[in-house]
Amino acid sequence: MADQVYLDYNASAPLCPEARQAMIAAMDVAGNPSSVHASGRAARKIVDHARRTIADLVGGDSERIIFTSGGTEANNLALNGLEDVTVFTSAIEHPSVIEGRVDAKRIPVDGNGVVDLDALETMLKEASAAGQKVLVSVMLANNETGVIQPVAKVALLAREYGAKVHCDAIQALGRLPVDMGRLLVDMVSVSAHKIGGPKGIGALAIAPGVMLVPQIRGGGQEKYRRGGTENVLGIAGFGAAAERAGAQLANMANVAVLRDRLETELASEAPELLIAGKGTERLVNTSCLILPGMPGETQVMALDLAGVAISSGSACSSGKVRESHVLKEMGVSDAGSAIRVSLGLETTDEDIDTFIRVWSRMRGNAARKKARHAA
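Per the UniProt record's numbering, the sequence shown starts with residue 1, numbered consecutively.
Listed below in structure tokens is the structure:
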């Protein structure tokens, strides 16, 4: 990290010192959290403390926090844990939701990537008339564009028809307030590594009355809702990162200043530049930049060679380059030319200066090359 400008926080944030220290301390606890002896109780204490901290961060109940192996498993548990439901998901969800229920019906979005509430109501009416039980899954903030969804309005609409609501808040956590009560949702998915915790640990928060069929069986852990010995090290790190994220939420205003400067300076230099979702509310740390005619993966490689780490979209496709379904659903015609720049609390003015300088040089080189070929 020392020799690299890291601007890919939506893929994964660097491990924060608080999480690192909590994990190191947890390494000395040998017990299994399910054991009743002193060492087991020490491990259980770590898990319970983290559970309470994460519950506080999402406005949930610590007794209803289910630890998982990450955000993907949390989303899959929410989507598949309710029996006999028809699932509606927005068309711009994360792949773990899109592929977590391939039989789901898709709610369209507008040109800014915001879910179409009128279309959702039509779908709910039809399902209600057919006597179907429904689960609606809409993310709080999109991982590629940062566009924030009207989740509370979705939930109010869903309640009119007796539907339950799941919210993937993985990208939003630590970047804007997440409160299950205010969002009026039944389930919320979160993940540690987006907020400076370790990779491989997530959680699903559920509201009272939500009964889930476990997807991983073989033990009574997590109140029989998710089998398997708890990842004590990961949970310790998650809890510490969650505590830090809550304490530093107000500092995201500083990140907003940096992101806005980046977009303003790039737009001034490159009038052809498009910013996906710019016409609506977005996460303050996220910019989806579209430079027509220049493939996103080419931009990513050029910036990487210059010591700047960004992404061409979601980092959850095992390195496969594929057109963004998010931008496609938004009607973006040059989706293959998109890159995602995502900032964090550690991002500095110098990092933004470096990105602008490298990106501008890359754009200039491409323009000169194109002019030579045209001549």
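For every residue, glycine included, the Cβ atom is placed at its ideal position computed from N, Cα and C.
Item to check | Same chain, Cβ closer than 8 Å to V185, neighbours up to 5 away in sequence not counted | outcome: V151, A155, V165, H166, C167, A207
Terminal residues of the alpha helix (DSSP H) in which L135 lies: From DSSP, L135 is part of no alpha helix (DSSP H) but of the beta strand (DSSP E) over 134-137.
query = Would DSSP call S62 helix, strand or coil?
reply = helix
To the nearest angstrom, report how far apart A256 and Y9 are at their CA atoms.
-> So the alpha carbons of these two residues sit roughly 14 Å apart.
- Would you report the Cα separation of D351 and P14, rounded to the nearest angstrom? 15 Å
From the DSSP secondary-structure annotation, give me the bridge partner or partners of K105. Paired residues: F88.
| Beta-bridge pairing of T286 - partner residues as DSSP gives them | S342
Within 9 Å, strictly: CB atoms of G70 and K199: yes
CB of R20 within 9 Å of CB of S34, strictly: no
| By a C-beta neighbour count over all protein chains shown, 10 Å radius and 16 as the cutoff for buried, is T145 buried or exposed? | buried
Next item on the list: Taking only the alpha-carbon atoms, compute the straight-line gap between V138 and Q149 and give it to the nearest angstrom.
Entry: 8 Å
message = Please report the straight-line C-alpha distance between D103 and S90, rounded to a whole angstrom.
response = 13 Å
- Skipping 5 residues on each side, what residues in its chain have a beta carbon closer than 8 Å to that of E323? A335, G336
Nearest candidate by alpha-carbon position, reference H94, set A74, P214, R217, G364: A74
First and last residue of the uninterrupted beta strand (DSSP E) at I206 | 202-206
Q. Got a sec, what are the start and stop residues for the beta strand (DSSP E) M330 sits in?
A. Premise fails: M330 is in no beta strand (DSSP E) and is neither H nor E.
* Measuring CA to CA, which of A130, G196, G113 is closest to H325? -> G113
In this structure, does DSSP put K370 in helix, strand or coil? Helix, per DSSP.
Check your understanding: Terminal residues of the continuous beta strand (DSSP E) containing M187?
Key -> 187-191
Check your understanding: At what residues does the alpha helix (DSSP H) containing V151 begin and finish?
Key -> 151-160
field: Member of R340, A253, S189, D353 whose CA lies at the smallest distance from the CA of E265
entry: D353
Fill in: Straight-line Cα distance separating L289 from A11
16 Å
Q.
Let me make sure I understand the geometry here. Which of A38, C16, E126, I170 has the alpha-carbon closest to that of A236?
A. Closest by alpha carbon: C16.
Complete runs of the beta strand (DSSP E) confined to the region 159-184 [at least 3 residues]: 164-168
For this session: Determine the DSSP secondary structure at Y6, reduced to helix, strand or coil.
Result: strand
| query | P292 to M330, Cα distance in whole Å? | reply | 16 Å
My output table needs one value for I274: the three-state DSSP class, helix, strand or coil. First, the amino acid is wrong: residue 274 is Leu here, not Ile. Correct three-state label for L274: strand.
Taking DSSP as the reference, what is the three-state secondary structure of S318?
Since pLDDT at S318 reaches only 43, below the 50 mark, its modelled position is unreliable, and the value read off the structure follows with that caveat. In the structure shown, S318 sits in coil (DSSP, three-state: anything other than H, G, I, E or B).
Run through DSSP, which three-state label would I148 get? strand
| message | Please classify V178 as buried or exposed, where buried requires at least 16 neighbouring CB atoms within 10 angstroms. | response | The residue is buried, with at least 16 neighbouring Cβ atoms inside 10 Å.
With DSSP run on the structure shown, which of helix, strand or coil describes S96? Collapsing the DSSP output to three states places S96 in a helix.
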